[in-house]
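Enquirer: First the structure, which I've put down as structure tokens, then a few questions once you've had a look.
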């Protein structure tokens, strides 16, 4: 049919013909879970060097002024000083002395303006790279990473979210990419549910169960095998591998010295778990630190929270750098927004999305860079303004995923990231 | 065109399909063929070769029970069904399913998930919504009526309040609703057409999106003073859109996909509401756009609605839509069997949208009963190959014809679409003009207000001044008359003068006021004229709007008609295309098979050749060794003979010398004896010597003869040797040749053997394609994963959880409110009791279903039809406490129950429980062996067996 809008370009025509042609050919649809069986060679390059992402979600809205973009001795600066870091000329809050020593590994983005002061919407934007619309839901970064970095013989989940409390299970964060890429939630860092044998079932009995199951499948599937039955039978083997690797989720197996270094509190343990998971090949791990929503007593609160955050975070960065893993691991410290420069009458700071910061590290990012600027007292972006969509593109580019690519899902092509945006090229090496 | 092609295709299809001939026979006899037969006939038309296989009774029972009851059959049901010899037992079972409360439960679950996609509790809870659905399904309310109630729901009718969940759980958000109404009721996901015409789907227009949106744009969630939530509607609000590509803006009147515009009735402003909007008052418009949407969509006249519903019902039974995915029905993704879909849609309307009777026809078709794989019989494949070879050319030309027809329709459609766009632009301009005219009128009215008021005030002032003057003049005249009677009264005169003076002043004021009033009156008059003019203009622009609307409606009608033709044409192209492409696959497959056949033959040929070369070589080798040994023999003989000849030759010289000596002696003796002839003794001696010479002479002669003989022999032997050597050369070259032939054959064989796996894998690939084609054309059935709910209920059936729950509920009910004796015979009361038991038991087990859904279901608001398998699902089945608890309890119970039974019996029962069939011999042997080795922990062994079978693909899929 004729292209009914202004461009009337041939490309649209061709794309549509091809679509029609493909559909008419029919019958050979690839089931979501089997993407790797039909994976083009281009994507395989990724597998040669497995990439990883660690997101540290600072719940509630971290104050940029008490962390990455301090404004001491101004009307908005608050009581804390700025300290020099391992990168000359870059200063961060004195609440982060250990982190300051790792600045040469880090990349700061200080000119963020997301124009959204609602917790839920802000978090959604930062984790999906899109604004929430009523009629469409978008996959979170973890699902996008898990799908993009999926490898052939992956036995561990690709998308893990460590929560401070609660029980484990499956998150609802993969939208159209499908539940295969939904997060596996590790409640308080515990291993995924049902990864131990039921009470009374010995490993001998388990072997009997699986032998009988495999034989039953061989017989049944000799009549007819399909992509679905392949995925189904494979997924039992995957479950067995997951059980065999259960101790990957057990942070207490890390050396006592490391446990000491990271700290025994939840955040320290979760950071160490993130390191452990990434070292065992998990593509995406998200941990969180709560709760920065400091409408009251912003300063005492940040003093305590940053104190807890500083050491394990700095250890994580230093360890990954030492082990040569930072080159292919992206770390993102994000929040749903920042906090107001204005200090309210309860010594608090309120929601603020007009000029705030995130801290990144690793992958293709330039080390020791600070990109973007806010004005003298932090009330507006002065230079290098970026938003959630650009950050999302940047995350993906930093680990070698083509953010301008498309996912093919059930006969639909869906852009990997917001097609109207682009990465922050200035900080990509 | 539609019917033309249909007629033609009959000839093609007729030769293949038994069902087809049968249907023709029925038609000939004048009976309307049953829908199930018409389905089979339509399906057969597009198959390439013959299809005969159907599933066994046990397979049918499992398949249809999962589809209609949402669970596998119990062993008791299976046994009863298999034992029956009634020819109509399949139909009887289907009828039993359809009238069962379990069918109501299953369909409630299905339509809930289909329409709500497991959205969280919001607005209206799931409970009342499911009650609404189950009530409607139980009462066999037509599906279009259920849809109508959903689409017109406002939450006000408490008896149908649940129906409002569709709107209110989506927060009443008009864009989300537009998308989901498009998807679920018209089979079109128009989301991409929200901001521009769909870039990939040629018949998804922004106008289609906003056509639906316009029905909803006036609706909003409303909470009354008692905190009750409604989906309310206003009488105002317009939809309009702007393309992000072209920047063009269009107003949009309500319009159904594939339908035409539904313009609002022209109601006077004061008659637009039944209940006018006010604080805390839910407005009720006189004309509800949403009610109109509900009515027009569902009254059986909208082809998109009917097709979507037919397609979804087909999906329920077949595990895929005729158009798939279910929400992408479009020209560019037409159904695989578009005429069948149209037939189904028509029949659905004819059957008054009756869910039960419609599903019944589908599941009783032959098409429903195809096995998941072809029968092992290889000849079927070769029949398809030759059918494809025979048919392909004519199918290609059918495709070309259909494609040409489609192309010409597309051109027409593009023209109409352009006209449509122009008409829509004109209507948009006219609508803009109405708005501008209304604004101008308001402005004129506003502008007129002041001068009109001023003129009225001046008029009033003039009237007042006139009255004053009149009174003063009257007083002055009366006073003058009085003065005339009393001229000396100076005071009186003074007073009269005063009146006169005042009257004169009033006269002047009156003149002034009259002038002012006249001036203002004319200003007011012109303002009034301006208002009247503006009113005229608005009438004019309204008329123009109506005219452009009528024009747009006319183009829209033509567009809808063309769109229908286009749909049919595109469907035909798609059908021919897939038939041709399938035929190509079959031909490819056949070619590869014959290639394999040839290569096998060549293998055999080479084998033979090699064998004969081998034996030739062996013969030559034998000959060679024979010749060689003869050669050896002769050579040694030659040597001996030569040696003898040499020896003889060497003897001749001494003999000759001896002869010479003897001769000389004899000559001398003879000469000596001649001298004395009388000396007899001497003569005697000489004779003796001469005699000796003779002896030596004969010796010499003998030796000479012997030598010659030996030399002759040598020559002879040499000749023989030469002959044999020649023979040997021949044999050796023969040998070499044979060896070479064998090497060549070996090379060829190696080549053939090397290419065999590659060929095999090409054949496997081709077989995959033809298998997909077989599935595509319904010659074999799709393997369908159970939905999370089906899996949950089937697991509970296999482990006896569901049956035990029902039994417990039944006995509790029997205890609490026993059915009186007369009720025991009352079918209605028994059915009601049955329903109550089912309802209560299922409700009590609902939390278990939720546990399955949380692991096997897709996320809320996401499509739920996509299959996925994750490790946590496997872990849930094999390690999770819920399923393992059921298995453990069942195994303990069964171990006790079967304690006296042999392991063979136990193996059989376990298979009946989980897989609704007995094990075959291999399976039985394996299980019996396992059970025998574990006589001490038999319950655990049974549990392991149940675990394994519940985790098998055979259980996980419907087949």
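Chains as they are written, first to last, in the working numbering: chain A, 200 to 628; chain B, 1477 to 2435.
Beta carbons are placed, not taken as given, at the ideal position from N, Cα and C, and that holds for glycine.
No experiment lies behind these values; they were computed from the predicted model shown.
#1: Report the start-end ranges of each alpha helix (DSSP H) in the region 497-570 of chain A that is 4 residues or longer and not cut off at the edges.
#2: Which residue marks the beginning of the beta strand (DSSP E) containing residue 580 of chain A, and which one marks its end?
#3: Between the region 2332-2352 of chain B and chain A, which residues of the former have a C-beta closer than 7 Å to a C-beta of the latter?
#4: Excluding the five sequence neighbours on either side, which residues of its own chain have a C-beta within less than 7 Å of the C-beta of residue 1748 of chain B, listed in chain order?
#5: Taking CB distances under 7 Å as the criterion, tell me whether residue 480 of chain A reaches chain B.
#6: What residue range is occupied by the uninterrupted beta strand (DSSP E) comprising residue 1695 of chain B?
#7: Is it buried or exposed, residue 464 of chain A, if we count other Cβ atoms within 10 angstroms and call 16 or more buried?
#8: Which residues in the same chain have their Cβ closer than 7 Å to the Cβ of residue 244 of chain A, if we skip the five residues on either side of it in sequence?
#9: Based on DSSP bridge pairs, tell me the residues matched to residue 1590 of chain B.
#10: Run the CB neighbour count on residue 544 of chain A, radius 10 Å, all protein chains shown included, and call it buried at 16 or more, exposed below.
#11: Within the same chain, show all residues whose beta-carbon is closer than 8 Å to that of residue 1596 of chain B, passing over the 5 residues directly before and after it, in chain order.
#12: Sorted by chain position, which residues of the same chain lie with C-beta nearer than 6 Å to residue 2032 of chain B's C-beta, five sequence neighbours on each side aside?
#13: Can you pull out the residues from the region 1818-1843 of chain B whose beta carbon lies closer than 7 Å to at least one beta carbon of chain A?
#14: In this structure, what does DSSP give as the bridge partners for residue 281 of chain A?
#15: Label residue 2381 of chain B either buried or exposed according to how many other C-beta atoms from any shown protein chain fall within 10 Å of its C-beta, with 16 as the threshold for buried.
#16: When DSSP labels each residue in this structure, what does residue 256 of chain A get in the three-state scheme?
#17: So is the beta-carbon of residue 1582 of chain B under 6 Å away from any non-hydrogen atom of the ligand MG?
#18: Alpha carbon to alpha carbon, how far is residue 408 of chain A from residue 2374 of chain B?
#19: Would you say residue 2240 of chain B reaches chain A, if we count a Cβ-Cβ gap shorter than 7 Å as a contact?
#20: Output yes if chain A places a C-beta closer than 7 Å to the C-beta of residue 1801 of chain B; else output no.
#21: In whole angstroms, what separates the C-alpha of residue 478 of chain A from that of residue 253 of chain A?
#22: When DSSP builds the beta bridges, which residues end up paired with residue 1763 of chain B?
#23: Report the option in B/1939, B/1938, B/1978 whose CA atom is closest to the CA atom of residue 1955 of chain B.
#24: Determine contact between the region 380-394 of chain A and the region 2342-2357 of chain B, defined as no fewer than three beta-carbon pairs at a distance below 8 Å.
#25: Closer than 9 Å, Cβ to Cβ, to anything on chain A: give me those residues from the region 1642-1654 of chain B, in chain order.
#26: Measuring only the C-alpha atoms, how far is residue 517 of chain A from residue 262 of chain A?
#27: In terms of DSSP beta bridges, what is residue 308 of chain A paired with?
#28: Comparing C-alpha positions only, which one of B/2146, B/1517, B/1847 sits nearest to residue 2251 of chain B?
#29: Candidates B/2193, B/2164, B/2065: which alpha carbon is nearest residue 2106 of chain B's?
#30: Can you check whether the C-beta of residue 606 of chain A is within less than 7 Å of a C-beta belonging to chain B?
#31: Grab me the residues of residue 2246 of chain B's own chain with a C-beta within less than 7 Å of its C-beta, minus the 5 sequence neighbours each way, in chain order.
#32: Assuming residue 540 of chain A and residue 499 of chain A are in contact, meaning their beta carbons sit under 8 Å apart, how far apart are those beta carbons, in whole angstroms?
#33: When you compare each of B/2151, B/1768, B/1877, B/2208 to residue 2100 of chain B by their alpha carbons, which one comes out closest?
#34: Give me, in chain order, the residues of the same chain whose beta-carbon lies closer than 6 Å to that of residue 612 of chain A; leave out the 5 immediate sequence neighbours on both sides.
#35: Taking residue 342 of chain A as the reference, which of A/376, A/528, A/367 has the closest Cα?
#36: Would you kindly work out how many angstroms separate the C-alpha atoms of residue 1865 of chain B and residue 2059 of chain B, rounded to a whole number?
Expert: Let me lay it out:
#1: 497-521
#2: 580-582
#3: 2334, 2335, 2336, 2337, 2338, 2342, 2343, 2344, 2345, 2346, 2347, 2348, 2349, 2350, 2351, 2352
#4: 1711, 1761, 1762
#5: no
#6: Looking at the DSSP string, the run of the beta strand (DSSP E) that includes residue 1695 of chain B is 1695-1699.
#7: Burial state of residue 464 of chain A is exposed, judged by a 10 Å Cβ sphere holding fewer than 16 other Cβ atoms.
#8: Confidence at residue 244 of chain A is low in this model, with a pLDDT of 41, below 50, so its placement is unreliable and the value that follows should be read with caution. Here the set comprises nothing.
#9: Bridge partners of residue 1590 of chain B: none, in fact.
#10: exposed
#11: Take residue 1596 of chain B, set aside five residues on each side of it, and the residues of its chain with a beta-carbon closer than 8 Å to its own are 1645, 2336, in chain order.
#12: 1736, 1737
#13: Taking 7 Å as the Cβ-Cβ cut-off, the region 1818-1843 of chain B has no residue approaching chain A.
#14: A/292
#15: exposed
#16: strand
#17: Inclusion of the ligand MG in the displayed structure is not the case, the ligand content being empty and no account of it being possible.
#18: Rounded to whole angstroms, residue 408 of chain A to residue 2374 of chain B spans 21 Å at the Cα level.
#19: no
#20: yes
#21: CA-to-CA, the gap between residue 478 of chain A and residue 253 of chain A works out to about 12 Å.
#22: The partner list for residue 1763 of chain B (beta bridge, DSSP) is empty, contrary to what the question assumes.
#23: B/1978
#24: yes
#25: 1646, 1647, 1649, 1650, 1651, 1652, 1653, 1654
#26: 24 Å
#27: Partner(s): A/557, A/570.
#28: B/1847
#29: B/2193
#30: no
#31: 2061, 2062, 2065
#32: With 8 Å as the limit, residue 540 of chain A and residue 499 of chain A do not qualify as a contact, their Cβ atoms being about 18 Å apart.
#33: Sorting B/2151, B/1768, B/1877, B/2208 by C-alpha distance to the C-alpha of residue 2100 of chain B places B/2208 at the top.
#34: Here the set comprises 605.
#35: Of the listed residues, the one whose Cα sits closest to residue 342 of chain A is A/376.
#36: Between residue 1865 of chain B and residue 2059 of chain B, the C-alpha separation is close to 7 Å.
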